[in-house]
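Student: I have a structure here, written as structure tokens, and I will follow up with some questions on it.
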Amino acid sequence: MTIPRHDDDTGLNRIVRTSAAATRALGLAAALLAAGPAPAAETGDIDALRQQALELVNEDRAEHDLPPLVLQPALNEAAQAHAEGMLRDDYFAHVAPDGTGPRDRYLDAGGSRNRIVRENIAQCTGCPVPPGLDRVAAFETGWMNSPEHRRNLLSEGLEGFGYGIAGEDGTVTGVQLFAGPGAGPGSASGEAAEPIEPERRSAAMVERLNTVRGSEDVSALSTSDVLAEAAGTLLAQTAGNQRANLFAALPAGERSNWRSLNMLSASCGGCGTSITESDLRSFQDQWMGNPQLSSALTSEDYGAAGAAFEADGEGGKRALVVLGQRR
């Protein structure tokens, strides 16, 4: 008897689903584990099993024009720890009895905090131990036949793959763990996520801010290269935990030309690798969702703005806007 489960952890908020409807549709039922002490978990030829799991996942992804994944040590370590932990502690779930979930295990193994993490788990009772290649293939088939597990397997924005499998006393548990930079905030809604060229980003952000200001009958901001340069300087300073000094960030000779300045920043994780239009919308939404920040963005006290952005390649992105009023 095989029982699959999945977990979808976006990197911002953990979402754990038991996929009860999907498992019923597959005619799967929960297994009762035998009470009493159990022998040590057996893994068989774990390297061969992982390679088989990777090949099967990539075959399924290739059929849907998705890029292949690669085995990553942190993901393998976290997946194997979970597979063995479920047997040792007599449970079958994404969240362990101590409250830790897929992302916690990945981070404990040295994974990146900015990456999305997704997990599928499965269990087989009355199965040969140690597990073999046929059990890896059977788990893959079960996951692909379950809509929500399949969604994890075929997600965009994934790069890394980890696999854990262990068995004892006729019970085998399998764990697929995925991680990657994500596909950007617009991917779920189908919003276009074309990269914006660096030289266009500041103007594109100011255009968005002016749309909001226009809806509230506030005069438009002019796009300022001076403030964009200052935003880039401040972005680097804050990344290094330095204290931000707005006027000192202005280019030489410009400090006396500005009466007032304000700085707004935003960030996201699991957001992909390139700065896109959907990122600009997401950052704007963050600012407009905060009354104090939205009041600054729509204030007549400022007549110009410039913006800077960075993406770390791991799914983390930051944005910084400087608002200013010339003398």
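Quick note on numbering: the sequence shown equals residues -40 to -1, 1 to 287 in mature numbering (1 follows the signal peptide of the UniProt record, and there is no 0).
Just so it is clear, CB atoms sit at the ideal spot from N, CA and C, and this is done for glycine as well.
Since the model is a prediction, treat every value here as computed from it, not as a measurement.
Okay, do the region 111 to 131 and the region 160 to 180 touch, 3+ Cβ pairs below 8 Å being the bar?
Tutor: no
Student: Taking 8 Å as the cut-off, decide whether the C-beta atoms of P57 and Y66 are in contact.
Tutor: no
Student: Helix, strand or coil: which one does DSSP assign to G284?
Tutor: strand
Student: Between the C-alpha atoms of T183 and A264, what's the straight-line distance to the nearest angstrom?
Tutor: 6 Å
Student: At what residues does the beta strand (DSSP E) containing R219 begin and finish?
Tutor: 218 to 228
Student: Where R287 and L181 are concerned, what is the direct C-alpha to C-alpha distance, given to the nearest angstrom?
Tutor: 15 Å
Student: Assuming the contact rule is C-beta atoms closer than 8 Å, V281 and A190 should be a hit. Round their C-beta distance to whole Å, please.
Tutor: In fact, because the Cβ distance is near 10 Å, the residues do not count as touching under 8 Å.
Student: Given this structure, state the Cα-to-Cα distance separating L113 from C228, to the nearest angstrom.
Tutor: Near 23 Å, if we compare the C-alpha coordinates of C228 and L113.
Student: Provide the residue span of the beta strand (DSSP E) that contains R78, from first to last.
Tutor: 76 to 85
Student: Decide if D5 is buried, meaning its Cβ has at least 16 other Cβ atoms within 10 Å, or exposed.
Tutor: exposed
Student: Which same chain residues, not among the five before or five after N36, have their C-beta less than 6 Å away from its C-beta?
Tutor: G122
Student: Assign A256 to one of three DSSP states: helix, strand, or coil.
Tutor: Here A256 sits in helix by DSSP.
Student: Give every residue of the same chain whose Cβ lies closer than 6 Å to the Cβ of A(-1), excluding the five residues on either side of it in the sequence, and list them in chain order.
Tutor: none
Student: Can you tell me whether H42 is buried or exposed, with buried defined as 16 or more other CB within 10 angstroms of its CB?
Tutor: By the 10 Å Cβ count, H42 comes out buried.
Student: How is P33 classed by DSSP in three states: helix, strand or coil?
Tutor: helix
Student: Would G102 pass as a contact of G130 if the rule is Cβ separation under 8 Å?
Tutor: no
Student: In angstroms with no decimal places, state the Cα-to-Cα distance between E270 and A279.
Tutor: 7 Å
Student: When you compare the CB positions of G70 and A34, do they come within less than 8 Å of one another, or not?
Tutor: At the C-beta level, G70 and A34 come within 8 Å of one another.
Student: Less than 6 Å between C-beta atoms, sequence neighbours within five positions excluded: which residues of the same chain meet that for V77?
Tutor: D(-32), P62, R63, Y66, A139
Student: Which of the three DSSP states, helix, strand or coil, is assigned to V166?
Tutor: The three-state secondary structure of V166, taken from DSSP, is helix.
Student: In terms of alpha-carbon separation, which member of A82, T171, L206, R10 lies closest to R241?
Tutor: T171
Student: So N80 and Q136 are supposed to be a Cβ contact under 8 Å. How far apart are they, rounded?
Tutor: Confirmed, about 4 Å.
Student: Between the beta-carbon of R219 and the beta-carbon of F207, is there less than 8 Å?
Tutor: It is not a contact, given that the beta carbons lie outside the stated cut-off.
Student: Going by Cα to Cα distance, which pick from S238, L31, M248 is closest to E15?
Tutor: If we check each option's Cα against that of E15, L31 comes out closest.
Student: Would you mind reading off the limits of the beta strand (DSSP E) that contains F269?
Tutor: 264 to 271
Student: Tell me which residue opens and which closes the alpha helix (DSSP H) that E100 is part of.
Tutor: 93 to 104
Student: CB-CB under 6 Å to A(-19), same chain, minus the five flanking residues each way: which ones, in chain order?
Tutor: Low local confidence applies: a pLDDT of 33 at A(-19) is under 50, so the model's placement there is unreliable, with the coordinate-based value given in what follows. Answer for A(-19): S106, P107, E108, listed in chain order.
Student: Would you decide whether D239 is buried or exposed? Buried here means 16 or more other CB atoms lie within 10 Å of its CB.
Tutor: buried
Student: My guess is that G275 and G142 are in contact by the Cβ rule of under 8 Å, so how many angstroms apart are they, rounded?
Tutor: With a Cβ gap of about 5 Å, G275 and G142 count as contacting.
Student: Along the chain, where does the alpha helix (DSSP H) containing C197 start, and where does it finish?
Tutor: The displayed chain sequence assigns Gln, not Cys, to residue 197. Run containing Q197: 185 to 199, per the alpha helix (DSSP H) assignment.
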